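K.L.:
The structure under discussion is supplied below as structure tokens; questions concerning it will follow.
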Amino acid sequence: MIIEILYPGFILYGDRGNVEYLEKTFPDAEFAYTEITEVPRLAREKVDLVYMGPMTEANLAAVTRHLTPYRDRLQELIEGGTFFLIVNSALEIFGKSIELPDGSKLPTLELLPFTTRRNMKDRHDSTVLGRFLGQPIMGYDARFTEQYGNDRMPFLVVERGHGFNRKSKLEGIHYKNFIGTNLMGPILVMNPPLIKYIKRELTGTEDIPYEVYMKAGYETRLEKFLQSREILNQHK
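Start counting the sequence shown at 1; every next residue gets the next number (this note's numbering).
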């Protein structure tokens, strides 16, 4: 099994934790760490999972230029069922365009049917609880963007917080084995059901490292989410 981590040097926040947990979850896998100066492993051979995490707007533009020659290959992999986990700002470049307040548009890979609107004067933060295949998923959404056009292939149906945009209760993309989400956390560490799902689909097993501790932390966070939602409902 080959797992490719795209642009590990660009990953922001604590989402490097996703990479570290993947390393522990798949100890027998070969990990390829591809930087901006290198040809992606996926361009020349089969990979099983591709991960890309949040990064600055400047680095995201550089990544778009770097990946554009491999657009058709990326589309082939997505349609062929390769697993992708694309987190937070990295998701933006997979849509149709990134629109700025002055009406201009930034180039993207144009692989998925949504549009991103970016306004660097309008940062919004949300704590999100949603469901993926019936399982609660939690995370933090902090960004300068809203996204539109994804109502056919959401990753989550949101129960608390907002989704692609402030009026949406649908969050992220789940198309075949492509999972794209705005949620940070890191999302794999916070959500055992998600990493168990990915491991089960890739290997047929769903044992994960530190499962007892992961489950305990997950259940505690979920209980707090549900309690706070009940308190909010009581004050409406």
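Using N, Cα and C, we set each Cβ at its ideal position, and we do this for glycine too.
Everything numeric in this text was worked out from a predicted model, so none of it was measured.
Can you round the beta-carbon distance between Phe-94 and Asp-122 to whole angstroms, since I take them to be within the 8 Å contact cut?
P.N.:
With 8 Å as the limit, Phe-94 and Asp-122 do not qualify as a contact, their Cβ atoms being about 22 Å apart.
K.L.:
For the stretch 62-150, which segments carrying the alpha helix (DSSP H) assignment without a break, of at least 4 residues, lie completely within its bounds, in sequence order?
P.N.:
71-80
K.L.:
Which residue from Leu-91, Asp-48 and Ala-216 puts its Cα closest to that of Ala-32?
P.N.:
Asp-48
K.L.:
Can you tell me whether DSSP reads Leu-6 as helix, strand or coil?
P.N.:
strand
K.L.:
Need the endpoints of the alpha helix (DSSP H) that Tyr-21 sits in, please.
P.N.:
16-25
K.L.:
Who pairs with Ile-31 in a beta bridge, going by DSSP?
P.N.:
Residue 31 is actually Phe in this sequence, not Ile. Ile-3.
K.L.:
Does the pairing of the stretch 109-125 with the stretch 36-48 give three or more beta-carbon distances under 8 Å?
P.N.:
no
K.L.:
Compute the Euclidean distance between the alpha carbons of Phe-26 and Asp-207, then round it to the nearest angstrom.
P.N.:
10 Å
K.L.:
Below 6 Å CB to CB, which residues in the same chain sit around Tyr-218 once its five sequence neighbours on both sides are set aside?
P.N.:
Pro-192
K.L.:
Please report the distance separating the alpha-carbon of Ala-61 from that of Leu-156.
P.N.:
27 Å
K.L.:
With DSSP run on the structure shown, which of helix, strand or coil describes Glu-159?
P.N.:
DSSP places Glu-159 in strand when its eight states are reduced to three.
K.L.:
Please classify Ile-195: does DSSP put it in a helix, a strand, or coil?
P.N.:
helix
K.L.:
For my contact list, Val-87 and Asn-165 are in at a C-beta cut-off of 8 Å; report their separation, rounded to the angstrom.
P.N.:
About 18 Å separates the beta carbons of Val-87 and Asn-165, which is beyond the 8 Å limit, so they are not a contact pair.
K.L.:
Apart from the five residues just before and just after Gly-9, which ones in its own chain have a Cβ nearer than 7 Å to its Cβ?
P.N.:
Glu-35
K.L.:
Which residue marks the beginning of the alpha helix (DSSP H) containing Val-47, and which one marks its end?
P.N.:
First-last for Val-47: undefined, no H or E at that position.
K.L.:
Under the assumption that Thr-116 contacts Glu-92 (Cβ atoms under 8 Å), give the Cβ distance between them as a whole number of angstroms.
P.N.:
5 Å between Cβ atoms; contact.
K.L.:
Starting from Ile-187, trace the alpha helix (DSSP H) in both directions and tell me its first and last residue.
P.N.:
Element bounds for Ile-187: 187-190.
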